[in-house]
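Colleague: Protein chains in written order, with my numbering: chain D, 18 to 131; chain X, 18 to 131; chain Y, 18 to 131; chain V, 18 to 131.
Idealized CB from N, CA, C, for every residue including glycine.
Protein chains: 4
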Amino acid sequence: MFLSIDTHDPRSIYQQVADGIKALIARGELAEGAALPPVRQLAADLGVNLNTIATAYRELQREGLLTVKHGSGAMVASRTLRKALTELVLAGLPKSKILRLVMDELRMVMKGAR
Amino acid sequence: MFLSIDTHDPRSIYQQVADGIKALIARGELAEGAALPPVRQLAADLGVNLNTIATAYRELQREGLLTVKHGSGAMVASRTLRKALTELVLAGLPKSKILRLVMDELRMVMKGAR
Amino acid sequence: MFLSIDTHDPRSIYQQVADGIKALIARGELAEGAALPPVRQLAADLGVNLNTIATAYRELQREGLLTVKHGSGAMVASRTLRKALTELVLAGLPKSKILRLVMDELRMVMKGAR
Amino acid sequence: MFLSIDTHDPRSIYQQVADGIKALIARGELAEGAALPPVRQLAADLGVNLNTIATAYRELQREGLLTVKHGSGAMVASRTLRKALTELVLAGLPKSKILRLVMDELRMVMKGAR
DNA sequence: GTGGTCTAGACCACG
DNA sequence: GTGGTCTAGACCACC
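#1: Let me know if aspartate 121 (chain V) comes out buried or exposed under the rule of 16 or more other beta-carbons within 10 Å of its beta-carbon.
#2: Does DSSP put methionine 92 (chain D) in a helix, a strand or coil?
#3: Mapping the DSSP letters down to three states, classify threonine 24 (chain V) as helix, strand or coil.
#4: How about glutamate 80 (chain Y): is its C-beta nearer than 8 Å to some C-beta of chain V?
#5: Quick check on arginine 131 (chain X): buried or exposed, where buried means 16 or more other Cβ atoms within 10 Å of its Cβ?
#6: Can you give the beta carbon distance from glutamate 49 (chain Y) to alanine 94 (chain Y), rounded, assuming they're within the 8 Å contact cut?
#7: Quick one, are the C-beta atoms of alanine 73 (chain X) and valine 34 (chain X) less than 8 Å apart?
#8: 8 Å is my cut-off, CB to CB: does arginine 75 (chain D) come that close to chain X?
#9: Pull up the distance between the alpha-carbon of aspartate 23 (chain V) and that of threonine 69 (chain D), whole angstroms please.
#10: Could you please tell me which residues of the region 79–98 of chain Y, in chain order, have their CB closer than 8 Å to any CB of chain V?
#11: Would you check if the distance between the CB atom of leucine 98 (chain D) and the CB atom of isoleucine 115 (chain D) is smaller than 8 Å?
#12: Quick check on DSSP: helix, strand or coil for valine 106 (chain V)?
#13: Does DSSP put leucine 53 (chain D) in a helix, in a strand, or in coil?
#14: Based on Cα-Cα distance, which residue from D:Glu76, D:Leu123, D:Val56, D:Leu83 lies nearest to leucine 47 (chain D)?
#15: Under the rule that 16 or more other beta-carbon atoms within 10 Å means buried, what is alanine 60 (chain X), buried or exposed?
#16: Using beta carbons (cut-off 8 Å, strictly below), is valine 126 (chain X) in contact with chain D?
#17: Comparing C-alpha positions only, which one of V:Ala51, V:Leu63, V:Ala40, V:Met127 sits nearest to lysine 100 (chain Y)?
#18: Kindly list the residues whose CB is nearer than 8 Å to the CB of tyrosine 31 (chain V), restricted to its own chain and excluding five residues on each side of it in sequence; keep chain order.
#19: Tell me where the alpha helix (DSSP H) around lysine 86 (chain X) begins and ends.
#20: Output yes if chain X places a C-beta closer than 8 Å to the C-beta of alanine 71 (chain D); else output no.
#21: Under a Cβ-count criterion, where at least 16 other Cβ atoms within 10 Å of its own Cβ denotes burial, should leucine 105 (chain X) be classed as buried or exposed?
#22: In angstroms, rounded to a whole number, what distance separates the CA positions of proline 111 (chain D) and arginine 96 (chain X)?
#23: Could you tell me the distance, in whole angstroms, from the CA atom of valine 56 (chain D) to the CA atom of valine 65 (chain D)?
#24: Check glutamate 76 (chain Y) in the structure and name its three-state DSSP category.
#25: Which bits of chain Y does glutamate 122 (chain V) rub up against, with CB to CB less than 8 Å?
#26: Name the chain V residues that come within less than 8 Å of valine 119 (chain Y), Cβ to Cβ?
#27: Between the C-alpha atoms of leucine 41 (chain X) and leucine 118 (chain D), what's the straight-line distance to the nearest angstrom?
#28: If contacts are defined as beta-carbon pairs under 8 Å, then leucine 53 (chain D) and glycine 37 (chain D) qualify, I think. What distance do you get, rounded to the angstrom?
#29: Helix, strand or coil, according to DSSP, for alanine 40 (chain V) in the structure here?
#30: With C-beta atoms as the reference, is glycine 45 (chain D) less than 8 Å away from methionine 125 (chain X)?
#31: List, in chain order, every chain V residue whose beta-carbon is nearer than 8 Å to that of isoleucine 46 (chain Y).
#32: Closer than 8 Å by C-beta to leucine 67 (chain D): which residues in its own chain qualify, once you throw out the five before and the five after it? Chain order, please.
#33: At a Cβ threshold of 8 Å, is tyrosine 39 (chain D) touching chain X?
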């Protein structure tokens, strides 16, 4: 991940980090589903505090760009996936049916990908 | 479902049924995720044999337009969903990670739909 | 604006105009914040004297239904806005704090409306 | 302000504080426009760290329940005010006209309150 | 005076 | 291992 921090930038550090990650996602350099570096590692790489990165990740999660899970890191959320699921939810499908669809599609897609 | 069968049509009946359903899906009259009538019911409605409909459904399933499950009928597949899942599979994500993403996004989407 | 004057109406003309505008506001045809036609234009449209319209506008302003300003015409007052401001005044907030609240909320509202 | 922290509560402290303030607002014990205690003071009162309270305030601000301003503290936002301003913005009024309305209404309201 | 942010270091919860 | 939170204390920016 190529992120840089500019101490002359009027934005706060965590904001620069959040904006930087947003830009990477927007440019496709961080693909949907890609894993982000652990908070501690990125903090070390950038030479900033762990909490600063955690704040950036939290902001991105709040905006729905990141999927963060305790114990297994953060990954870039999939807008396409969200769009598809939103369609199905709005169509009134119960969660169980949606999951069935997902499992079926996934099985078919992974078979094709062998 | 508005499907009609023309005995003068050179196409076989199951093909007419399959093509008719494709057209309904293409026109959006059968939305992604929508349930199709049970094989027996559609056969009765159209006055054709049960196996004819089953063959049509099988063809549509083979083409990926339908998701068919023993005991719970057929439903229109979601192209958007497939596209999203394909992206993630091609990105090299293991099934487990993809399912985590799906669950996370689904939770977020359903929360917003309250 | 659809206003009509009836010379057989026992009410005075300015009263008919004022009542007519009140009715337009009540029916929502003149929304809160909407601009009213200039005094001269409305007078010409209705074929009455300029002062008659001015009197009607003054009455509506006195009743708090219109906000009139030298040089920039009249507009329909916002009952909701007045209610909100009244609340804050009664809560003892000084004008400066209220204006700060207004500016903050306005900034937030206009951002969301982008 | 009556807030209490329960160390046995599974929610994080900042979440308890944020929820507590939300409840106070919902019950009307913190009126619209009311000032909240300074971050440092509330932190001292509750015996927690300054940052913990700051996090709670930030969350409430993000949700639009608080108006926070550098150097002059936090106050409860006015939902009524926001609703009124939203109406006017959606009606297409430019910021300048809206502010004129506000000033006019405010002048009228404060005169009545004398 | 006010809130905003950052750091260093700690402990917890999750998997 | 991962992120989440809290603390203590610092400095900055705004008014």
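Modeller: Result, derived from the coordinates:
#1: The residue you call residue 121 (chain V) lines up with position 104 of the fourth sequence. Aspartate 121 (chain V) is buried by the Cβ-count criterion.
#2: Within the first sequence, the letter at position 75 stands for residue 92 (chain D). Of the three classes helix, strand and coil, the one that applies to methionine 92 (chain D) here is strand, per DSSP.
#3: Reading the fourth sequence from its first residue, position 7 is the one you call residue 24 (chain V). Judged by DSSP in its simplified three-state form, threonine 24 (chain V) adopts coil rather than helix or strand.
#4: As a first step, residue 80 (chain Y) is located in the third sequence; it is residue number 63 there, counting from the start. So no, glutamate 80 (chain Y) is outside the interface.
#5: The sequence position of residue 131 (chain X) within the second sequence is 114, counting from 1. Bear in mind that a pLDDT of 47 at arginine 131 (chain X), under 50, signals an unreliable position, so the number given afterwards is only what the model happens to contain. Flag for arginine 131 (chain X) reads exposed.
#6: Counting from 1 along the third sequence, the entry for residue 49 (chain Y) is found at position 32. Counting from 1 along the third sequence, the entry for residue 94 (chain Y) is found at position 77. That pair is a contact at about 7 Å.
#7: For the purposes of this step, residue 73 (chain X) is taken as residue 56 along the second sequence, with counting starting at 1. For the purposes of this step, residue 34 (chain X) is taken as residue 17 along the second sequence, with counting starting at 1. Yes, these two residues count as a Cβ contact at 8 Å.
#8: One-based indexing of the first sequence puts residue 75 (chain D) at position 58. Closer than 8 Å: no.
#9: Start at 1 with the first residue of the fourth sequence, and residue 23 (chain V) comes out as number 6. Start at 1 with the first residue of the first sequence, and residue 69 (chain D) comes out as number 52. Cα to Cα, aspartate 23 (chain V) sits roughly 27 Å from threonine 69 (chain D).
#10: Taking 8 Å as the upper bound on Cβ-Cβ separation, chain V lies near residues Gly81, Thr84, Lys86, Ser89, Met92, Ala94, Ser95, Thr97, Leu98 of the region 79–98 of chain Y.
#11: Within the first sequence, numbered from 1, the residue matching residue 98 (chain D) stands at position 81. Within the first sequence, numbered from 1, the residue matching residue 115 (chain D) stands at position 98. Cβ distance not < 8 Å, so leucine 98 (chain D) and isoleucine 115 (chain D) don't count as in contact.
#12: Position 89 of the fourth sequence, counted from the start, is the residue given in the question as residue 106 (chain V). In this structure, valine 106 (chain V) counts as helix in the three-state DSSP scheme.
#13: Locating residue 53 (chain D) in the first sequence gives position 36, where the first residue counts as 1. Here DSSP, grouped into helix, strand and coil, assigns leucine 53 (chain D) to coil.
#14: For this step, residue 47 (chain D) is matched to residue 30 along the first sequence. For leucine 47 (chain D), the nearest C-alpha among the options comes from D:Leu83.
#15: For this step, residue 60 (chain X) is matched to residue 43 along the second sequence. Label assigned to alanine 60 (chain X): buried.
#16: Locating residue 126 (chain X) in the second sequence gives position 109, where the first residue counts as 1. Yes, because at least one Cβ of chain D sits closer than 8 Å to the Cβ of valine 126 (chain X).
#17: Working through the third sequence from its first residue, we reach residue 100 (chain Y) at position 83. When V:Ala51, V:Leu63, V:Ala40, V:Met127 are compared, the shortest CA-CA separation from lysine 100 (chain Y) is found for V:Met127.
#18: Here residue 31 (chain V) corresponds to residue number 14 of the fourth sequence, with the count starting at 1. So the qualifying residues of the chain are Thr69, Ile70, Thr72, Ala73, Glu76.
#19: Stepping through the second sequence from its first residue, residue 86 (chain X) is reached at position 69. Unbroken run through lysine 86 (chain X): none, as it is neither H nor E.
#20: Along the first sequence, read from residue 1 onward, the residue named residue 71 (chain D) stands at position 54. Chain X contact via Cβ: absent.
#21: The count along the second sequence starts at 1 and reaches residue 105 (chain X) at position 88. Leucine 105 (chain X) should be labelled buried.
#22: Along the first sequence, one-based indexing puts residue 111 (chain D) at 94. Along the second sequence, one-based indexing puts residue 96 (chain X) at 79. Cα-Cα distance, rounded: 18 Å.
#23: As a position in the first sequence, residue 56 (chain D) is number 39, starting the count at 1. As a position in the first sequence, residue 65 (chain D) is number 48, starting the count at 1. Their Cα atoms are separated by approximately 10 Å.
#24: Mapped onto the third sequence, residue 76 (chain Y) falls at position 59. Helix.
#25: Your numbering for residue 122 (chain V) matches position 105 in the fourth sequence. Here the neighbours are Thr84, Ala94, Ser95, Leu98, Arg99, Leu102.
#26: In the third sequence, counting from the first residue as 1, residue 119 (chain Y) sits at position 102. Per Cβ cutoff of 8 Å: Leu98, Leu102, Leu116, Val119.
#27: On the second sequence, residue 41 (chain X) is found 24 positions in, with the first residue counted as 1. On the first sequence, residue 118 (chain D) is found 101 positions in, with the first residue counted as 1. When rounded, the distance between both Cα atoms is 20 Å.
#28: The residue you call residue 53 (chain D) lines up with position 36 of the first sequence. The residue you call residue 37 (chain D) lines up with position 20 of the first sequence. Not really, about 12 Å apart at Cβ, beyond 8 Å.
#29: As a position in the fourth sequence, residue 40 (chain V) is number 23, starting the count at 1. Helix at alanine 40 (chain V).
#30: Position 28 of the first sequence, counted from the start, is the residue given in the question as residue 45 (chain D). Position 108 of the second sequence, counted from the start, is the residue given in the question as residue 125 (chain X). No.
#31: Mapped onto the third sequence, residue 46 (chain Y) falls at position 29. A small correction: the amino acid at residue 46 (chain Y) is glutamate; isoleucine does not occupy that position in the sequence shown. Per Cβ cutoff of 8 Å: no residues; glutamate 46 (chain Y) is ~13 Å from chain V at best.
#32: Within the first sequence, the letter at position 50 stands for residue 67 (chain D). These residues qualify, in order along the chain: Val56, Arg57, Ala60.
#33: Counting from 1 along the first sequence, the entry for residue 39 (chain D) is found at position 22. Going by the sequence as given, residue 39 (chain D) is lysine instead of tyrosine. Not an interface residue.
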